[in-house]
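The next block holds one structure in the form of structure tokens; read it before the comments.
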Amino acid sequence: MVINMETFIQKHGLMGSLLWILAIGVVLMGCSGGGDSQDGRADSQNGITQGEVVQDQAAKGKDHSGHDHSSFDTVGDIVYTCSMHPEVRSDEPGTCPICGMNLTPVDPLYTCSMHPEVRSNKPGTCPICNMNLVPMEVGADNARYEHDGTGLEHDDAGHEHDASQTLYTCSMHPEVRSDKPGTCPICNMNLVPIETDLDTGEGDGPASADGASGERIVPMESNAPNVSNESNMFGTLRMREDAVALAGIQTTRAVKRRASREVVVPGRLSINPNSQAMISSYVSGRLEEVFVREEGAEVREGEPMFSIYSPDLISAQKELIEAAGSSVFASARTRLLRLGLTKEQVDWIASLEEPEEVVDVMAPVSGVVTAVHAVAGMYVKEGTLVAEVADFSVLWLEAELSQGDLAVAMQGDSLFARVLRPGVADVGWSGESEFKGFDLVTSVDLVDPIVDPVTRTGWVRGTIFRGDGDRGVDGDRGIDGDRTVPAWRPGQLLAVTWTYQPEEELLLIPESAVLWTGDESIVYTMEKRGTGVEFRGKRVKIGQKYGNFRHVIAGLEEGEEVVKNGAFRVDSEFQLSGRPGMIR
Numbered sequence: 117m118v119i120n121m122e123t124f125i126q127k128h129g130l131m132g133s134l135l136w137i138l139a140i141g142v143v144l145m146g147c148s149g150g151g152d153s154q155d156g157r158a159d160s161q162n163g164i165t166q167g168e169v170v171q172d173q174a175a176k177g178k179d180h181s182g183h184d185h186s187s188f189d190t191v192g193d194i195v196y197t198c199s200m201h202p203e204v205r206s207d208e209p210g211t212c213p214i215c216g217m218n219l220t221p222v223d224p225l226y227t228c229s230m231h232p233e234v235r236s237n238k239p240g241t242c243p244i245c246n247m248n249l250v251p252m253e254v255g256a257d258n259a260r261y262e263h264d265g266t267g268l269e270h271d272d273a274g275h276e277h278d279a280s281q282t283l284y285t286c287s288m289h290p291e292v293r294s295d296k297p298g299t300c301p302i303c304n305m306n307l308v309p310i311e312t313d314l315d316t317g318e319g320d321g322p323a324s325a326d327g328a329s330g331e332r333i334v335p336m337e338s339n340a341p342n343v344s345n346e347s348n349m350f351g352t353l354r355m356r357e358d359a360v361a362l363a364g365i366q367t368t369r370a371v372k373r374r375a376s377r378e379v380v381v382p383g384r385l386s387i388n389p390n391s392q393a394m395i396s397s398y399v400s401g402r403l404e405e406v407f408v409r410e411e412g413a414e415v416r417e418g419e420p421m422f423s424i425y426s427p428d429l430i431s432a433q434k435e436l437i438e439a440a441g442s443s444v445f446a447s448a449r450t451r452l453l454r455l456g457l458t459k460e461q462v463d464w465i466a467s468l469e470e471p472e473e474v475v476d477v478m479a480p481v482s483g484v485v486t487a488v489h490a491v492a493g494m495y496v497k498e499g500t501l502v503a504e505v506a507d508f509s510v511l512w513l514e515a516e517l518s519q520g521d522l523a524v525a526m527q528g529d530s531l532f533a534r535v536l537r538p539g540v541a542d543v544g545w546s547g548e549s550e551f552k553g554f555d556l557v558t559s560v561d562l563v564d565p566i567v568d569p570v571t572r573t574g575w576v577r578g579t580i581f582r583g584d585g586d587r588g589v590d591g592d593r594g595i596d597g598d599r600t601v602p603a604w605r606p607g608q609l610l611a612v613t614w615t616y617q618p619e620e621e622l623l624l625i626p627e628s629a630v631l632w633t634g635d636e637s638i639v640y641t642m643e644k645r646g647t648g649v650e651f652r653g654k655r656v657k658i659g660q661k662y663g664n665f666r667h668v669i670a671g672l673e674e675g676e677e678v679v680k681n682g683a684f685r686v687d688s689e690f691q692l693s694g695r696p697g698m699i700r
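Heads up, the sequence shown is in the numbering used here, so the first residue is 117 and it goes up one at a time.
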């Protein structure tokens with residue numbers, strides 16, 4: 117509607133017209149306030165209030181002139197910090213003043229999937245399209261500070277590099293490589309130098325991208341050498357000699373020589389069956405007396421073991437006495453000897469006029485009583501076992517080996533054991549101990565041809581001779597000068613050192629030079645190159661352990677210099693330079 121102001125003034129007058137205009141203005145102001153109040157209520161229902169949402173339309177080139185965003189121009193109460201220096205705080209995105217890393221928000225931010233310029237520190241809906249806000253990814257708020265390497269190519273054609281040069285990497289992102297100092301395009305930290313050999317091998321050169329400062333950035337995956345043979349699959353790594361010394365890296369040469377392997381295994385002393393004697397009755401009768409009543413008693417050859425009354429023995433004595441001076445005397449004498457009597461007893465009976473009713477049976481050997489099977493007054497038959505005696509002057513030393521060691525054990529291998537004096541609490545091996553023990557030294561006489569199906573072990577055996585200074589130690593030793601005790605006892609458990617020495621020479625390297633990775637092992641070799649050294653990784657097949665050395669079956673040649681101390685440091689440098697190592 118169009119109002120003619122001249123006609124209106126003429127009709128209502130000047131004062132009346134002013135009053136009408138004032139009234140219309142008041143009405144219009146009331147309508148505008150009501151609309152703003154309604155918009156405020158709508159924003160409150162969406163969970164987005166003034167100071168909680170920010171938009172950057174100019175930066176994104178989008179036109180939202182039809183929307184009123186005056187109530188969400190800034191993000192309120194958002195604090196940014198440094199991941200490495202949490203004491204740093206800022207109310208806006210940027211970089212850490214200490215390390216240069218991008219600052220990240222302490223609390224999560226929310227944004228609109230359709231309008232990423234919208235930011236909020238609380239969940240809600242977008243004021244533009246009313247979609248639900250979603251959490252922002254960490255670091256997205258600092259996207260404008262990060263380097264976008266997509267679409268940036270570096271032409272290596274006609275560009276030559278030195279065989280050895282200083283590369284720079286990021287401590288937080290080791291896949292970043294640059295041939296110039298600068299900052300990391302990911303976290304903005306200063307790059308640190310590492311000296312290495314590019315050694316890209318044959319084939320295409322490494323792909324690259326240029327950083328924000330113009331430096332050459334080499335991804336880790338593209339820096340691995342392109343080689344086709346197994347021995348060079350690690351590539352090479354060059355270092356200065358002073359850097360090698362500073363890192364404490366030590367090397368030694370792989371050599372072929374005779375080797376011996378010592379294995380400490382459980383062992384025991386056992387009775388030699390050839391030195392055991394079974395004392396039994398040769399005739400039927402009644403035991404009048406048993407002179408050996410307990411196990412462990414020592415007896416000597418010719419001492420009485422028991423006395424027996426036997427009609428058969430009395431009859432044999434009469435035949436001997438009656439045959440004196442006749443041709444049957446010799447046969448009668450032989451019969452008594454076969455009944456268990458000694459020559460001295462037979463000669464004494466031949467001088468008698470009447471036979472003895474009770475006859476003593478003597479011990480045939482000297483030793484220790486290991487079992488008693490009869491008592492006085494017991495009736496026995498021919499062959500009844502009365503007692504057992506064993507000679508401890510000859511014992512067996514048996515060592516229990518695993519089935520793997522048993523396969524290479526052979527006659528002549530050395531066996532060494534030590535038995536301490538009785539009553540000594542410390543059964544250690546040290547020969548420098550205050551309590552000196554008795555060394556048992558022998559060699560393997562027999563290798564067990566059978567493996568125990570339960571324990572998967574077998575025994576090797578050697579013989580110990582008491583009193584033989586070459587192969588053993590005298591078993592009777594004085595203690596405090598007033599009594600003697602045996603140095604060893606059958607059944608005693610020992611720790612035995614079994615020594616195995618192969619006949620051929622073996623290629624050996626220190627055990628510390630081997631990096632174990634499960635099915636395969638890694639060794640790093642070193643060669644001098646000008647003023648520096650060159651390291652190369654090799655996969656090797658490792659055999660048995662010989663002392664502090666390992667037998668190399670395959671993968672290494674005699675004379676090659678291997679890293680014996682510091683192999684893990686060298687491996688870490690290979691990892692940082694993008695080459696395969698223990699962790700591919």
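No residue lacks a Cβ here, since even glycine has one placed at the ideal position from N, Cα and C. Since this is a predicted model, take the numbers as computed values, not measurements.
Own chain residues within Cβ distance below 7 Å of residue i, not counting five before or after
i           : result
residue 702 : The structure shown does not extend to residue 702, since the chain is modelled only from 117 to 700, so the question has no answer here.
residue 371 : 624 and 674
residue 692 : 285, 290 and 310
residue 396 : 499, 500, 501 and 502
residue 426 : 399, 400 and 401
residue 417 : 479, 480, 481 and 482
Secondary structure of residue i, DSSP reduced to three states
i           : result
residue 433 : helix
residue 466 : helix
residue 356 : strand
residue 491 : coil
residue 519 : helix
residue 458 : coil
residue 581 : strand
residue 627 : helix
residue 617 : coil
residue 389 : helix
residue 340 : With a pLDDT of only 35 at residue 340, under the threshold of 50, the placement of this residue in the model should not be trusted; the figure read from the coordinates follows. In the structure shown, residue 340 sits in coil (DSSP, three-state: anything other than H, G, I, E or B).
residue 635 : coil
residue 556 : strand
residue 701 : Since the first and last residues shown for the chain are 117 and 700, residue 701 lies out of range.
residue 658 : strand
residue 508 : coil
residue 374 : coil
residue 691 : helix
residue 261 : Reliability fails at residue 261, whose pLDDT of 36 lies under 50, so the model's placement of it is uncertain and the value that follows must be treated cautiously. Correct three-state label for residue 261: helix.
residue 476 : strand
residue 438 : helix
residue 524 : helix
residue 682 : coil
residue 141 : helix
residue 611 : strand
residue 290 : coil
residue 543 : Confidence at residue 543 is low in this model, with a pLDDT of 42, below 50, so its placement is unreliable and the value that follows should be read with caution. Coil.
Contacts around residue i, its chain only, beta-carbon distance under 6 Å, and the 5 residues preceding and following it disregarded
i           : result
residue 651 : 353, 640, 642 and 686
residue 492 : 403, 405 and 406
residue 208 : none
residue 451 : 432
Status (buried if at least 16 other CB within 10 Å, exposed otherwise) for residue i
i           : result
residue 572 : exposed
residue 464 : exposed
residue 669 : exposed
residue 308 : exposed
residue 202 : exposed
residue 135 : exposed
residue 424 : buried
residue 519 : exposed
residue 610 : buried
residue 662 : buried
residue 524 : exposed
residue 529 : buried
Residues of its chain near residue i, where Cβ-Cβ distance is below 8 Å and the 5 sequence neighbours each way are ignored
i           : result
residue 230 : 242, 244, 245 and 247
residue 366 : 679, 680, 681 and 682
residue 204 : 197, 198, 212, 213, 214 and 219
residue 368 : 625, 626, 629, 677, 678 and 680
residue 473 : 425 and 430
Counting pairs of Cβ atoms below 8 Å between the stretch 444-458 and the stretch 507-516, do you hit three or more?
-> no
Does the stretch 376-384 come close enough to the stretch 621-641 that 3 or more CB-CB pairs lie under 8 Å?
-> no
Taking contact to mean at least 3 C-beta pairs separated by less than 8 Å, is the stretch 201-219 in contact with the stretch 300-309?
-> yes
Mind listing, in chain order, the continuous beta strand (DSSP E) runs of no fewer than 3 residues lying wholly within the stretch 195-255?
-> none
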